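The structure appears right after this line, and notes come after that.
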Amino acid sequence: MSDTKSEAIKQSGAVFFIFGATGDLARRKLFPAIYSLYREGKLSEKFAVIGLARRPRTEVQFHDDLLQSIQEFARYKVDKVDADWQRFAAHFTYMSLDINNIDGFKELSSVATKLEQKFDIAGNRLFYLALAPDLFGSVAHNLRDGGMLETDGWHRLVIEKPFGFDLASAKLLNEEINKVFEEKEIYRIDHYLGKEMVQNIGVVRFANAFFEPLWNNKYIANIQITLSETVGVEERGGYYDHSGALRDMGQNHMLQMVTMMAMEPPSRLHPEDLRDEKVKVLRSLRAYSSKEEVKSHVVRGQYGEGTVRGKSRVAYREEPNVNPVSTTSTYFAAKVFVDNFRWAGVPFYIRTGKNLPVKTTEVVVEFKNIPDNVYLAKKNKLQPNLLVFRVNPMEGIYIKINAKRPGSSDESQSTIIPVAMDFCQSCLVGLNTPEAYELLIYDAACGDSTYFTRWDEVKLAWQFVDQIAEAWAENADDLHIYPAGTWGPQEADELLAKDGFHWWPVNGQAESEVVWVGEHI
């Protein structure tokens, strides 16, 4: 994003409409993100935030909620309630709104106009719908019919996942929104695309001359993407039992990371060019030709009772608001192929699950090993070279190579050992790493759609996921129960073992393996 575009939001300003302002997302992510942008000077005094929800709140109560939100969740803390805080809070107002009442939107338009006059804002309006997806269409129509889109500035709609429940529902939802907003005005958030290390994947690939020549099926054996959680469904049992791991994580986060790893370099530094390349990857995903092929390439699991980090966990079917005979998956692993010239034959293994031993999001690139019968490989059991992108919770890049053990003789059978080079980004920036929502809200305000999902991406992802869901719906016999606190069903290990591979644990280091770790890069 150029300096000119980033300055535009400061000069012309914007009104942010937060629908669902009393909800958890607004409290944990949205309000802290706006505060961080303000503290870092990315927002001038030309902005206003209108919190919208059904429940009544006074202005004082809303500002108290705002303060508590920032003190608990923001990167920058409020040391004391002074003039600086009062100046920031003055940009926030609250309005109780029934989203099905058109008169309420007309009143909202009047409130917004007064704020635009007060803060010298040029009619730019960003609507953030932190709401259930089935409300997106009606809110969009009421924004139009209530006169909210009649200003001279830009109008942008930011919507959260899930975008539909399957392809059919996603199409209906998209048609409703497109009756009001153009595609270029719609910003579909996948917050994983706002994470620093996910965005860094493209930089590492395309800004380093020694990676791109190796980034293909001649040199890479497989790619593994892991998104593991140590929590169960907690209070989300009612929602989760109608979603499951496949729809909750697979259709968006997992496939988006596949596209970032597999895409070709964009021809221009332009948001649509990057999104075009991601779409090409999704078009190249090999479809499963039958339900039997789904069964042989995809593993689904559900956690049973167990222990995670010393704490007992009940089985999924015993969680509140969960069907006691539920066949919903809380874990899935899949072998995916991208059938294009660069990646033909390279398996992409993806897995995600709840109540696993470690919370982590990692991408492991395993390079092909040298032949076993040549030179140093004759005397040493060489480990494959790895490149690991650590996305969460610690951000960084980890590279594992083979090198001579310090002080060993050439006659030793263990001369060569794995050596790690570890760049810890979190160690450099600490807690001041920008949150994903900060980056994405700022990008939306600046009109940069690079890290938002376009409709054709959503459609192609649903097409791929629906074929798995349809196969699962017909037969629940392949649902595997795994104890909470383990890495999922044994069948997920067998998925890789059939190809001569295994899942790499955190940092790509085998549990019994000793890796010589040098200084941080």
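The sequence shown begins at 0 in numbering that gives the first Met the number 0 and counts up one residue at a time. Each residue gets a CB set at the ideal place from its N, CA and C atoms; glycine is no exception. Note that the coordinates shown come from a computational prediction; the quantities given were computed from them, not determined experimentally.
Under a 10 Å Cβ-count criterion, lysine 277 is classified as buried, with 16 or more other Cβ atoms of the shown protein chains found around its own Cβ.
Counting along the chain, methionine 94 sits inside no alpha helix (DSSP H); it lies in the beta strand (DSSP E) bounded by residues 91–95. With at least 16 other beta carbons inside 10 angstroms of its own, glutamate 115 counts as buried. In this structure, the straight-line span from the alpha carbon of leucine 148 to that of alanine 111 is close to 11 Å. In the DSSP assignment, threonine 360 falls within the beta strand (DSSP E) that extends over 359–366. When secondary structure is reduced to three states using DSSP, threonine 306 falls in the strand class. Inclusion of proline 383 and alanine 261 in the CB contact set at 9 Å is not warranted, their separation being larger than that value. Counting along the chain, proline 323 sits inside no beta strand (DSSP E), nor does DSSP assign it H or E at all. The three-state secondary structure of asparagine 207, taken from DSSP, is coil. In the DSSP assignment, asparagine 141 falls outside any beta strand (DSSP E) and within the unbroken alpha helix (DSSP H) covering 135–144. Three or more pairs of CB atoms, one per stretch, sit closer than 8 Å, so the region 493–507 contacts the region 219–238. In the three-state reduction of the DSSP assignment, glycine 231 falls in the coil class, being assigned neither a helical nor a strand state.
Rounded to whole angstroms, the separation of the alpha carbons of glutamate 211 and tyrosine 481 is 39 Å. Relative to glycine 300, the option among Tyr186, Phe135 and Leu478 whose CA is nearest is Leu478. Under the DSSP assignment, methionine 420 falls in the beta strand (DSSP E) whose first and last residues are 415–423. Looking at the DSSP output, glutamine 301 sits in a beta bridge with Ile480. Pairing glycine 305 with glycine 484 gives a Cβ-Cβ distance under 9 Å. Judged by DSSP in its simplified three-state form, tyrosine 34 adopts helix. Of Tyr186, Asn251, Ile120 and Ile396, the smallest CA-CA separation from glutamine 424 is found for Ile396. Beta-bridge annotation (DSSP): leucine 386 is paired with Val364 and Ile398.
Rounded to whole angstroms, phenylalanine 30 and lysine 160 show a C-alpha spacing of 19 Å.
Sequence-distant partners of aspartate 455 (beyond 5 residues in either direction) whose C-beta falls short of 6 Å from its own C-beta, in its chain, are Val278. In the structure shown, tyrosine 238 falls within a helical segment according to DSSP collapsed to helix, strand and coil.
In the pairwise beta carbon analysis, the region 179–191 is classified as touching the region 441–452: at least three pairs are separated by under 8 Å.
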